[in-house]
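Undergrad:
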Amino acid sequence: MGHERNRGKLADLNHLLQGASNHDFQSIIGDRTQLRAGRYVITLDTDTQLPRDSARQLVGIMAHPLNQARYDEKTGRVTEGYGILQPRMLTRYAGARQSWYALLNNNEPGIDPYT
Numbered sequence: 025m026g027h028e029r030n031r032g033k034l035a036d037l038n039h040l041l042q043g044a045s046n047h048d049f050q051s052i053i054g055d056r057t058q059l060r061a062g063r064y065v066i067t068l069d070t071d072t073q074l075p076r077d078s079a080r081q082l083v084g085i086m087a088h089p090l091n092q093a094r095y096d097e098k099t100g101r102v103t104e105g106y107g108i109l110q111p112r113m114l115t116r117y118a119g120a121r122q123s124w125y126a127l128l129n130n131n132e133p134g135i136d137p138y139t
């Protein structure tokens, strides 16, 4: 399947945003120097819908002082705050629970398959 599919591509994007000159993207359109000015990144799967104003809410949560990531130079890790937010995914469409797969995987509200 290649380089860890989703997680690998997110790592590649992160390296590109940090200014790496070597990358695995086939083409980049526009001025790459502007990418470094961004403070937050929201990534979505192709089948994910981002509800109105939810990007603003996510940025507001990340910008809150208690959530500010603290990076430790010695360990090379975020030691306080959050570097990543992963909101819960919900199925909203009418026929979502009609298949056996959906009933088995989406019926229990306390289980999140993405964590």
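Here the sequence shown stands for residues 25 to 139, where the numbers follow our numbering. Ideal placement from N, C-alpha and C gives every residue a C-beta, glycine not left out.
(1) Pick out the complete beta strand (DSSP E) segments inside the region 29 to 99, 3 residues or longer, and give them in chain order.
(2) For the candidate residues V102, K33 and L82, whose alpha-carbon lies nearest to that of D48?
(3) Among Q73, D36 and P89, which residue has its Cα nearest to the Cα of N46?
(4) What is the residue span of the beta strand (DSSP E) that R101 lies within?
(5) Select from A79, I53 and I85 the residue whose C-alpha is nearest the C-alpha of L68.
TA: On the basis of the data shown:
(1) Positions of the beta strand (DSSP E) runs, each at least 3 residues long and wholly inside the region 29 to 99, are given as 94 to 96 in order along the chain.
(2) Locating residue 48 in the sequence shown gives position 24, where the first residue counts as 1. Among V102, K33 and L82, the Cα nearest to that of D48 is on K33.
(3) The residue given as residue 46 occupies position 22 in the sequence shown. Residue D36 is the option with its Cα nearest to N46.
(4) The residue given as residue 101 occupies position 77 in the sequence shown. Per DSSP, the continuous beta strand (DSSP E) segment holding R101 begins and ends at R101 to E104.
(5) As a first step, residue 68 must be located in the sequence shown, where it is residue number 44. Looking from the CA of L68, the closest CA among A79, I53 and I85 belongs to A79.
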